[in-house]
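Protein chains in written order, with my numbering: chain A, -8 to 113; chain B, 72 to 295. Contents: one structure, followed by commentary.
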């Protein structure tokens, strides 16, 4: 047991992020928000969604790296974070590969139509 | 107990070898919790992705019933609250006065409450008046088709789940203010502040994705 653990030889003090970095990240996040809103009013066709998602991912990376201090964190913590997103990727990819490759029948309009078909079947 | 092992400094638990190890363990534990949260919200985002691709035109019509100005304002409000949260933790790290830490925490609280107030007053209340809430107040805004209702259900469940996290966050911030006032933190020990900060920033990130995915489907340009 170390009596004064902060004085141990291999002690690494927590990284204190300078205020200008926090402010710069904040300004970037606000600019990205304005950008994503503004671009929605420009016709890019299918690219509107892609651009919005790319901007959202950039914002997330900024928040995670600086506000959540992951830029200064340990490898084990980073593996947990990457693992979380890897499993999220598995969930979305496998669900979509199933749901989006089915041949869907036309859905009857409203419940009454569904009940009518059910009555015919049973 | 004191006879069997040396007394530890305030905030340093005896099962850890070093303060650094304790800090890393705290971060790791919180990120494992956040991993479950990512997959928790991820389930809704997955369902959203599937139904959006099945009913894209109706999702666009439903999305156009939402007011972008309030969604965008609330995004900015949450980003401000993330900055004030980060500054609250920083003032504890650098040994600033309790008053400074509490001021940043209270500012974060106010911004979080402002987010919920805007959501309730200018969005959900309006949705109720205009009949956009399936099963509660539904007048078929955006069209009487199942896909539009489906979109509105996703909108309310996703923003609702996010709002519940915000309410929990406000509770956590209140506890932090009390703990700070009771001199529980020092530059050597501020783990509850840092861990709660991770939670607060995570809730911010969820909204960063909800805003474009709910409010901006299909764009807002003329003819969209």
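Just so you know, even glycine gets a beta-carbon here, dropped at the ideal spot from N, CA and C.
Query raised in the report: Excluding five sequence neighbours on each side, which residues of the same chain lie with their C-beta closer than 6 Å to the C-beta of residue 236 of chain B?
Result: Position 165 of the second chain, counted from the first residue, corresponds to residue 236 of chain B. If we look at residue 236 of chain B and ignore the five residues flanking it on each side, its Cβ neighbours are 274.
Requested in this report: Establish whether the CB of residue 45 of chain A and some CB of chain B are separated by less than 8 Å.
Outcome: Here the question's residue 45 of chain A lines up with position 54 in the first chain. Output row for residue 45 of chain A: interface = no.
**Report entry** Limits of the unbroken alpha helix (DSSP H) element including residue 288 of chain B
**Finding:** Taking the first residue of the second chain as position 1, residue 288 of chain B is located at position 217. Here residue 288 of chain B belongs to no alpha helix (DSSP H), and DSSP marks it neither H nor E.
Query raised in the report: For a contact meaning CB atoms closer than 9 Å, what does residue 66 of chain A contact in chain B?
Result: Position 75 of the first chain, counting from 1, holds the residue named residue 66 of chain A. Neighbours of residue 66 of chain A on chain B: none; closest Cβ ~10 Å, over 9 Å.
Requested in this report: Count the C-beta pairs between the region 235 to 250 of chain B and the region 119 to 139 of chain B that are closer than 8 Å, then say yes if the count reaches three, no if not.
Outcome: Cβ pair count under 8 Å is below three, so no.
**Report entry** Buried versus exposed, by CB contacts within 10 Å (16 or more), residue 73 of chain B
**Finding:** Position 2 of the second chain holds residue 73 of chain B. Residue placement at residue 73 of chain B cannot be trusted, given a pLDDT of 48 that sits under 50; what the coordinates show is reported in the next sentence. Exposed, because fewer than 16 other Cβ atoms sit within 10 Å of the Cβ of residue 73 of chain B.
Report task. Would you list the one or two residues that DSSP bridges to residue 203 of chain B? Result -> Walking along the second chain from the start, residue 203 of chain B turns up at place 132. Per DSSP, B:209.
Requested in this report: Could you say if the region 239 to 247 of chain B and the region 21 to 38 of chain A meet the contact criterion of at least three C-beta pairs nearer than 8 Å?
Outcome: Verdict: no, contact absent.
**Report entry** residue -8 of chain A (DSSP reduced to helix, strand or coil)
**Finding:** In the first chain, residue -8 of chain A corresponds to position 1, counting from 1. Residue confidence is low: residue -8 of chain A scores 45 on pLDDT, short of 50, so the model does not pin down where it sits. Its coordinate-derived value is still stated next. Here residue -8 of chain A sits in coil by DSSP.
Query - For residue 261 of chain B, three-class secondary structure by DSSP - result: Walking along the second chain from the start, residue 261 of chain B turns up at place 190. In the structure shown, residue 261 of chain B falls within a coil segment according to DSSP collapsed to helix, strand and coil.
Query raised in the report: From residue 83 of chain A to residue 117 of chain B, what does the alpha carbon distance come to, in whole angstroms?
Result: As a position in the first chain, residue 83 of chain A is number 92, starting the count at 1. As a position in the second chain, residue 117 of chain B is number 46, starting the count at 1. Whole-angstrom Cα-Cα distance: 5 Å.
Query - Listed by chain order, chain A residues near residue 272 of chain B by CB distance under 7 Å - result: The sequence position of residue 272 of chain B within the second chain is 201, counting from 1. By Cβ distance, chain A contributes 54, 58 and 59.
Query raised in the report: Should residue 33 of chain A be labelled buried (16 or more other beta-carbon atoms within 10 Å of its own) or exposed?
Result: Taking the first residue of the first chain as position 1, residue 33 of chain A is located at position 42. Counting Cβ neighbours within 10 Å, residue 33 of chain A comes out exposed, since fewer than 16 surround it.
Requested in this report: Identify every run of the beta strand (DSSP E) within the region 231 to 260 of chain B, keeping only runs that are complete inside it and at least 3 residues long; order them along the chain.
Outcome: Taking only runs of at least 3 residues, no beta strand (DSSP E) segment lies wholly in the region 231 to 260 of chain B.
Query raised in the report: Can you tell me whether residue 164 of chain B is buried or exposed, with buried defined as 16 or more other CB within 10 angstroms of its CB?
Result: Looking up residue 164 of chain B in the second chain gives position 93. Buried, by the Cβ-count rule.
Query raised in the report: Within this structure, are the beta carbons of residue 8 of chain A and residue 57 of chain A separated by less than 8 Å?
Result: Taking the first chain and counting its residues from 1, the one referred to as residue 8 of chain A is at position 17. Taking the first chain and counting its residues from 1, the one referred to as residue 57 of chain A is at position 66. By the CB criterion at 8 Å, residue 8 of chain A and residue 57 of chain A fall inside the cutoff.
Query - Element boundaries [alpha helix (DSSP H), containing residue 113 of chain B] - result: By one-based count along the second chain, residue 113 of chain B stands at place 42. Looking at the DSSP string, the run of the alpha helix (DSSP H) that includes residue 113 of chain B is 90 to 125.
Query raised in the report: In its own chain, which residues sit with a C-beta less than 8 Å from the C-beta of residue -8 of chain A, not counting the 5 before and 5 after it?
Result: The residue you call residue -8 of chain A lines up with position 1 of the first chain. For residue -8 of chain A, the predicted model reports a pLDDT of 45, less than 50, meaning its position is unreliable; a value from the coordinates is still stated below. If we look at residue -8 of chain A and ignore the five residues flanking it on each side, it has no Cβ neighbours.
Report task. Decide if residue 292 of chain B is buried, meaning its Cβ has at least 16 other Cβ atoms within 10 Å, or exposed. Result -> Reading the second chain from its first residue, position 221 is the one you call residue 292 of chain B. With fewer than 16 other Cβ atoms within 10 Å, it is exposed.
Requested in this report: Output the boundary residues of the alpha helix (DSSP H) element that contains residue 160 of chain B.
Outcome: Against the second chain, residue 160 of chain B aligns to sequence position 89. In this chain, the alpha helix (DSSP H) harbouring residue 160 of chain B covers 139 to 164.
Query raised in the report: In this structure, does DSSP put residue 34 of chain A in helix, strand or coil?
Result: For the purposes of this step, residue 34 of chain A is taken as the residue at position 43 of the first chain. Residue 34 of chain A: coil per DSSP, three-state reduction.
Query raised in the report: Given 8 Å as the limit, is there contact between the region 172 to 181 of chain B and the region 190 to 200 of chain B, that is, 3 or more CB pairs closer than that?
Result: Contact between the region 172 to 181 of chain B and the region 190 to 200 of chain B is absent, because fewer than three Cβ pairs lie under 8 Å.
Query - From B:250, B:260 and B:198, residue whose alpha carbon lies closest to that of residue 97 of chain B - result: The residue you call residue 97 of chain B lines up with position 26 of the second chain. Ranking B:250, B:260 and B:198 by Cα distance to residue 97 of chain B puts B:260 first.
Query raised in the report: On the three-pair Cβ rule with 8 Å, is the region 245 to 260 of chain B touching the region 198 to 207 of chain B?
Result: As far as the Cβ criterion goes, the region 245 to 260 of chain B does not touch the region 198 to 207 of chain B, which means the pair count is below three.
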